[in-house]
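Trainee:
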Amino acid sequence: MIHRHALGRVPPKPHTAFHDEDGKLLMEHCHTREGFDGPYSILYYRTPPTDENAVENLAIPGFCPFEPLAEQPLYRRHIKTQDLRLRGDFLDARRLLLFNADVQMSMVKSTATSSRFLANGDGDELYFAYKGSGRFETLFGVLPFREHDYVLLPRATPYRIHWEGANPEFFVFEGRGFIDIPREFRNRAGQITMYAPYTHRDFRVPQSLLSYDRSLHGTAPFKLVVKREDRLTVHLHQHFPCEVVGWDGYVYPVAFNIHDYQPKTGLIHLPPTIHVTFAGNNFVVCSFVPRKVDYHEKAIPCPYGHASVHMDEILFYVAGNFTSRRGIDSGSISLHPSGIPHGPHPGTYEKSIGTERTSELAVMCDTYKQLLLTKVAHDLEDKDYHLTWVSKEGGGVDVPGAR
Ligand SMILES: [Fe+2]
Numbered sequence: 005m006i007h008r009h010a011l012g013r014v015p016p017k018p019h020t021a022f023h024d025e026d027g028k029l030l031m032e033h034c035h036t037r038e039g040f041d042g043p044y045s046i047l048y049y050r051t052p053p054t055d056e057n058a059v060e061n062l063a064i065p066g067f068c069p070f071e072p073l074a075e076q077p078l079y080r081r082h083i084k085t086q087d088l089r090l091r092g093d094f095l096d097a098r099r100l101l102l103f104n105a106d107v108q109m110s111m112v113k114s115t116a117t118s119s120r121f122l123a124n125g126d127g128d129e130l131y132f133a134y135k136g137s138g139r140f141e142t143l144f145g146v147l148p149f150r151e152h153d154y155v156l157l158p159r160a161t162p163y164r165i166h167w168e169g170a171n172p173e174f175f176v177f178e179g180r181g182f183i184d185i186p187r188e189f190r191n192r193a194g195q196i197t198m199y200a201p202y203t204h205r206d207f208r209v210p211q212s213l214l215s216y217d218r219s220l221h222g223t224a225p226f227k228l229v230v231k232r233e234d235r236l237t238v239h240l241h242q243h244f245p246c247e248v249v250g251w252d253g254y255v256y257p258v259a260f261n262i263h264d265y266q267p268k269t270g271l272i273h274l275p276p277t278i279h280v281t282f283a284g285n286n287f288v289v290c291s292f293v294p295r296k297v298d299y300h301e302k303a304i305p306c307p308y309g310h311a312s313v314h315m316d317e318i319l320f321y322v323a324g325n326f327t328s329r330r331g332i333d334s335g336s337i338s339l340h341p342s343g344i345p346h347g348p349h350p351g352t353y354e355k356s357i358g359t360e361r362t363s364e365l366a367v368m369c370d371t372y373k374q375l376l377l378t379k380v381a382h383d384l385e386d387k388d389y390h391l392t393w394v395s396k397e398g399g400g401v402d403v404p405g406a407r
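Under the working numbering, the first residue of the sequence shown carries the number 5, and numbering increases by one thereafter.
1) Given 7 Å as the limit, tell me if residue 305 has its C-beta closer than that to any heavy atom belonging to ligand 1.
2) So what does DSSP say about residue 276, is it helix, strand or coil?
3) Determine, using beta-carbon pairs with one atom in the stretch 357-367 and one in the stretch 56-65, whether at least three such pairs fall under 8 Å.
4) Would the beta-carbon of residue 304 fall within 8 Å of that of residue 80?
5) Which two residues bound the contiguous beta strand (DSSP E) that contains residue 370?
6) Name the two residues that bound the continuous beta strand (DSSP E) containing residue 58.
7) Extract the residue ranges of the beta strand (DSSP E) inside the stretch 300-361, only unbroken runs of 3 or more that lie entirely within it.
8) According to DSSP, is residue 398 helix, strand or coil?
9) Starting from residue 175, follow its DSSP beta bridges and name the residues at the other end.
10) Would you report the Cα separation of residue 22 and residue 269, rounded to the nearest angstrom?
11) Are residue 279 and residue 294 touching if we call contact CB-CB under 8 Å?
12) What did DSSP end up calling residue 180 once you bin it into helix, strand or coil?
13) Is it true that the stretch 380-393 meets the stretch 82-100, where meeting means three or more beta-carbon pairs spaced less than 8 Å apart?
14) Check this for me: beta carbons of residue 283 and residue 184, under 8 Å apart or not?
15) Within the present structure, is the beta-carbon of residue 279 separated from the nearest heavy atom of ligand 1 by less than 7 Å?
16) Can residue 340 be considered in contact with ligand 1, in the sense that its beta carbon sits closer than 7 Å to one or more heavy atoms?
17) Are the beta-carbon atoms of residue 164 and residue 100 separated by less than 8 Å?
18) Measure how close the beta-carbons of residue 92 and residue 115 come, nearest whole angstrom, since I'm counting them as under 8 Å.
19) Which residue comes first and which comes last in the beta strand (DSSP E) that contains residue 268?
20) Rounded to whole angstroms, what's the CA-CA distance from residue 135 to residue 154? Just pull it up for me.
21) Please determine whether the Cβ atom of residue 317 lies at a distance below 7 Å from any heavy atom of ligand 1.
22) Pull up the CB-CB distance for residue 51 and residue 243, whole angstroms please, since I reckon it's below 8 Å.
23) Among 214, 17, 89, which residue has its Cα nearest to the Cα of residue 49?
24) Would you decide whether residue 45 is buried or exposed? Buried here means 16 or more other CB atoms lie within 10 Å of its CB.
25) For residue 98, tell me which candidate among 166, 152, 173 has the shortest Cα-Cα distance.
Following this line, the structure appears as structure tokens:
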């Protein structure tokens, strides 16, 4: 995804005989995207990944399958994920909240580490670590994460999440086409440009391979859960399914901390998409981080009211100066649908003049297709949010966090 990376041992030439320390022939495995035309990595398994002897169906209600909200009148929404109570590993404790044909958004609040791996055959996954730190154990190696990291997992990468200490919580995007660095941030060699809001050095890659350890990984059968078309199947393997001696290529997971994002500020207010971080098929993910705000002597740092008439917009609030927006708190999601104007709460537009900094920390996603709520999301809604723009003395939000 970022550049060619190699880990462990690989032979000088692909598709040639390659042996382990005992002279056993290793199984080469090509992990390719877009047929055989896209980026790929080549891995060398100790035991072929086809080593499975049973397949079972699995249902995790609220994740797979999920229940769409039957009727969704068009108005501004506020989903309080802080009220979502979940238990279990990263699969049992995952609930889908918002979706369309291009992207799905879920919360994960795991309370138990998992012996299972997940391979998501529906799309790339972008985790945002809202709380906690630990490691993603993946086919491509161990990738540590810390609070406020994005972790980008390519489609069909087997992985699971382990941690010590406080239970982690994640906001997760699943991109049905792809999730990647926007094309405009790459030069013709594929290098991240000098105008981009991050550099190659900001992206962390797996540093060590998984090696089967009976005391850590247990015994057969080993469970690999596969997601495809919002259905789960459990594949039971006789050997640990993520043990490779090496790989190289362009497909592998990466981590990027939102605090390494380099925000842009203008003389006058720049539109929200100046904060774009990742791009998918018909959607973008943007990062709002603490920064200086607009510096014209008459600048209004608070965002103008707007109706971005082609896009739905969600904000996942993480930390900072949005606490006086009525009802919005860390962990809240706002959904401002296309067709309905939105903007600063009453009073905030004026109050923002002269402001020099914002401490907001939030993740935004703009989508071309309408976002629909699941029943789980509806059960978490603040039903009065849509009406909080009605002028009211002393009401409203501080500056300049309103989008
Ligand atoms: Fe907006």
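Ideal Cβ placement from N, Cα and C applies to all residues, glycine included.
Mentor: Looking at the atomic coordinates:
1) For ligand 1, not one heavy atom lies less than 7 Å from the Cβ of residue 305.
2) helix
3) no
4) no
5) 365-371
6) 56-62 is the extent of the beta strand (DSSP E) around residue 58.
7) 316-323, 336-340
8) Low local confidence applies: a pLDDT of 45 at residue 398 is under 50, so the model's placement there is unreliable, and no value is given.
9) Bridge partners of residue 175: 111, 132.
10) 52 Å
11) no
12) coil
13) Counting C-beta pairs closer than 8 Å gives three or more between the stretch 380-393 and the stretch 82-100, which meets the contact rule.
14) yes
15) Not so, every heavy atom of ligand 1 lies at least 7 Å from the Cβ.
16) yes
17) no
18) 6 Å
19) Premise fails: residue 268 is in no beta strand (DSSP E) and is neither H nor E.
20) 12 Å
21) yes
22) Confirmed, about 4 Å.
23) 214
24) Per the 10 Å Cβ criterion, buried.
25) Checked all of 166, 152, 173; the closest Cα to residue 98 is 173.
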